[in-house]
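Q: My structure is below; once you've seen it, I'll send some questions.
In UniProt numbering, the protein residues as written are 1 to 362.
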């Protein structure tokens, strides 16, 4: 984009960023109208990058261990676990059906009535993440008999910032975390304000959220598109063939009343949708046309942390290898190392605890 703008300035000085483009003409710096040479000028105005599909990171189980992390000054310690949210809750948060700014009574009634939460837990929600309508929840699940609530509330904002930072860029491939509940189980907070500042608490909250996430069977999620195809009856089998090649699955197939057309409704992964319409028209001799729109997120088959999987270039991968392939390629695109470094997210005492518990890390 930047280089395209530079060339625009060199090769067409009469164009500028505030030019009024209208009806095939544009206004130059002197205010006079000049013909807009679309066939000559537009081709170098901008550079377009290759299409990229965003993923999300999630968990499918509760953390197998209570994960803890200490601040750099060793004066504070946070303990968390992660677990999946109830089905439909993430969508309700994103749709605005529930808001974290509601008073505690109203918030508690919503979660208790609709999702069968414990009333105390529902009233202990601290934040959604990575923003106020994000599909993740941070819950204070500490007990007053075990934790100094006054000290904990003094670092609440810092813990929330660390939680939101972590859910904005997950540990697998720095993609947003989705559909995860993080519970604070224990907290040891320094008495002196100097020893519990944001510089100590924020990165520690992020790190303990990551460690809890990694211990809860992490998975990747990919966006799925709803696809509606209309085609003549003799082209329906060709439509099925195209969908099958792109991991699509048909949900409905019915004739259109009063016409020779059939309507096929299906879901297709967004990453396999590039070139779908061209492929569809090629297989149906141009007789089929389609509509595509985002519909939902779905877990990618396979374990992204399974190091036994070998990704061979330029070869289609079996379904169980897809999560690993997507994670590695996304990390490469972002300039990250191929594998997740466990040592980055676990303190030495936590690594010793894992070894003692014989937890198998990939």
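Even for Gly, the Cβ is constructed at its ideal location relative to N, Cα and C. This one's a predicted model, so the numbers in the text were calculated from it and none came from an experiment.
Rounded to whole angstroms, what's the CA-CA distance from residue 69 to residue 348? Just pull it up for me.
A: Taking the straight line joining both Cα atoms gives about 9 Å.
Q: Taking only three categories from DSSP, how would you classify residue 235?
A: Helix at residue 235.
Q: Excluding the 5 residues flanking residue 155 on each side, which residues of the same chain have their C-beta closer than 7 Å to its C-beta?
A: Hits under 7 Å: 189, 196, 201.
Q: Rounded to whole angstroms, what is the Cα-Cα separation between residue 147 and residue 187?
A: Taking the straight line from one Cα to the other gives about 6 Å.
Q: Determine the extent of the beta strand (DSSP E) in which residue 86 is found, giving its start and end residues.
A: Residue 86 -> no beta strand (DSSP E), and no H or E assigned at all.
Q: Pull up the CB-CB distance for residue 323 and residue 247, whole angstroms please, since I reckon it's below 8 Å.
A: About 13 Å; that fails the 8 Å criterion.
Q: Quick check on the DSSP output: the alpha helix (DSSP H) that includes residue 203 runs from which residue to which?
A: Run containing residue 203: 198–214, per the alpha helix (DSSP H) assignment.
Q: Less than 8 Å between the C-beta atoms of residue 138 and residue 171, yes or no?
A: Taking 8 Å as the Cβ cut-off, residue 138 and residue 171 do not qualify as a contacting pair.
Q: What span of residues does the alpha helix (DSSP H) with residue 157 cover, start to end?
A: Residues 156–168.
Q: Candidates 55, 271, 194, 244: which alpha carbon is nearest residue 169's?
A: Ranking the options by Cα distance to residue 169, first place goes to 55.
Q: How would you label residue 176, buried or exposed, when you count the other beta carbons within 10 angstroms and need 16 or more for buried?
A: So residue 176 ends up on the buried side.
Q: Does the ligand HEM have a heavy atom nearer than 7 Å to the CB of residue 64?
A: With respect to the ligand HEM, the structure shown offers nothing to examine, as it has no ligands at all.
Q: Using the rule of at least 16 other Cβ atoms within 10 Å of the residue's Cβ for burial, across every protein chain shown, is residue 141 buried or exposed?
A: Result: buried.
Q: Residue 22 by DSSP, collapsed to three states: which one?
A: With a pLDDT of 40 at residue 22, under the threshold of 50, the modelled position of this residue cannot be trusted; read the value that follows with caution. The answer is strand: DSSP assigns residue 22 an E or B state.
Q: Which residues bound the beta strand (DSSP E) around residue 189?
A: Note, residue 189: premise wrong, no beta strand (DSSP E); not H, not E.
Q: From this set, 242, 235, 183, 97, which residue's C-alpha is nearest residue 210's C-alpha?
A: The shortest Cα separation from residue 210 among 242, 235, 183, 97 belongs to 183.
Q: Hey, could you find the ends of the beta strand (DSSP E) residue 253 is sitting in?
A: Element bounds for residue 253: 249–255.
Q: Under three-state DSSP, which class holds residue 58?
A: If DSSP states are grouped into helix, strand and coil, residue 58 belongs with the strands.
Q: My assumption, with CB atoms under 8 Å, is that residue 222 sits in contact with residue 270. Please give the rounded CB distance.
A: Residue 222 to residue 270, Cβ: 7 Å. Contact.
Q: To which residues does DSSP link residue 79 through a beta bridge?
A: Answer by DSSP bridge pairing, in chain order: 68, 186.
Q: Is DSSP giving residue 229 helix, strand or coil here?
A: Looking at residue 229 - three-state DSSP - the assignment turns out to be strand.
Q: Are the region 275–282 and the region 236–247 in contact at 8 Å, needing three or more beta carbon pairs?
A: In short, these stretches touch, since the Cβ pair count reaches three.
Q: How many Å lie between residue 134 and residue 305 at the Cα?
A: Roughly 25 Å separates the two Cα atoms.
Q: Excluding five sequence neighbours on each side, which residues of the same chain lie with their C-beta closer than 6 Å to the C-beta of residue 151?
A: Within the same chain, residue 151 has close Cβ partners 189.
Q: Out of curiosity, what's the CA-to-CA distance linking residue 60 and residue 294?
A: So the two alpha carbons sit approximately 23 Å from each other.
Q: Would DSSP call residue 264 helix, strand or coil?
A: Three-state DSSP puts residue 264 in a strand.
Q: What do you get for residue 164, buried or exposed, if any count of 16 or more other CB atoms within 10 angstroms of its CB means buried?
A: Classification of residue 164: buried, given that the 10 Å Cβ count is 16 or more.
Q: Can you tell me the Cα-Cα spacing of residue 332 and residue 338, whole angstroms?
A: About 7 Å.
Q: If you measure between the beta carbons of residue 231 and residue 262, is that distance less than 8 Å?
A: A contact, by the Cβ cut-off of 8 Å.
Q: With DSSP collapsed to three states, give me the class of residue 112.
A: Note: residue 112 maps to helix in three-state DSSP.
Q: If you count every other CB in all the chains shown that lies within 10 Å of the CB of residue 325, and 16 or more means buried, which is it?
A: Flag for residue 325 reads buried.
Q: Among the residues of its own chain, which have a CB less than 6 Å from the CB of residue 309, if the five just before and after it don't count?
A: Excluding residues within five positions, the ones whose Cβ falls inside 6 Å are 321, 324.
Q: Give the list of continuous alpha helix (DSSP H) stretches no shorter than 4 residues that lie fully inside the region 125–159.
A: The region 125–159 contains these whole alpha helix (DSSP H) runs: 149–154.
Q: How long is the line joining the alpha carbons of residue 97 and residue 110, rounded to whole angstroms?
A: If I take the Cα positions, the gap works out to 9 Å.
Q: To which residues does DSSP link residue 246 through a beta bridge?
A: Paired residue(s): none; residue 246 is not in a bridge.
Q: Who are the near neighbours of residue 112 in its chain, counting only those whose CB is closer than 8 Å to its CB and skipping five residues on each side?
A: Contacts found: 118, 119, 122.
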